[in-house]
Amino acid sequence: MLHYYYRSKERLFEVVFTNDVGHMAPHIIQLLVSEQPLLEKIRAFVSAYLDIIIEHPYIPGFIINELNRNEGDLLKTIKSKAQGFDQMSTFFRQVEHEIAQGRIRPVDPRHLLITMVSACVFPFIARPVIQMALQLDEAGFQTFIEERKQHVTDFLISGLVNK
0 MLHYYYRSKE RLFEVVFTND VGHMAPHIIQ LLVSEQPLLE KIRAFVSAYL DIIIEHPYIP
60 GFIINELNRN EGDLLKTIKS KAQGFDQMST FFRQVEHEIA QGRIRPVDPR HLLITMVSAC
120 VFPFIARPVI QMALQLDEAG FQTFIEERKQ HVTDFLISGL VNK
């Protein structure tokens, strides 16, 4: 049946990617390039990103698996299907502006972005190990992720704000 509808693994991958990741990325990128003040943006990003991953917990593992399996095809699909990556310079300029105004400490905007993303994604990639190490059942893991929204936000902002 799969072959009849999709003809190839690549086509099936493209459909799955477009339906899930392709719709997620523009929403997240829009948050990052919005006109919101930076600290509010970080709060909104962490909450929205974790909400999306809670709804689609397989996405981080799916992307990691595809990167390991066939990086070139994944990157080509991302470039053609997930719009908005070319707008990230807007976020970087905002961070640099906040630094220049003295509102946040000097930080490389690229590292800030990767820290924001990885702090949200890692618990889902390492979920079995985290659940074992922290002795969390399914409900406990969900509670942990809800708590993580506030923890990650507070951690990021406290690391940025000049005191």
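No gaps in the numbering here: position 133 of the sequence shown is 132 in numbering that gives the first Met the number 0, and each next residue is one more. Each residue gets a CB set at the ideal place from its N, CA and C atoms; glycine is no exception.
For a cut-off of 8 Å, the C-beta gap from L112 to F90 is around 7 Å, short enough to register as a contact. Closest option to N161, judged by alpha-carbon separation, among A99, L31 and Q35: A99. For I51, the enclosing alpha helix (DSSP H) begins and ends at L37 to E54.
The three-state reading of DSSP puts V106 in coil, since its state is none of H, G, I, E or B.
DSSP places Q130 inside the alpha helix (DSSP H), whose first and last residues are R126 to A132. Going by beta carbons, F123 and I52 fall inside the 8 Å limit.
Taking the Cα of Q29 as reference, the smallest distance to any Cα among K148, L135, S88 and F154 is reached at S88. For M115 and K75, the gap between their C-alpha atoms comes out near 24 Å.
As DSSP reads the structure, V160 sits in a beta bridge with I103.
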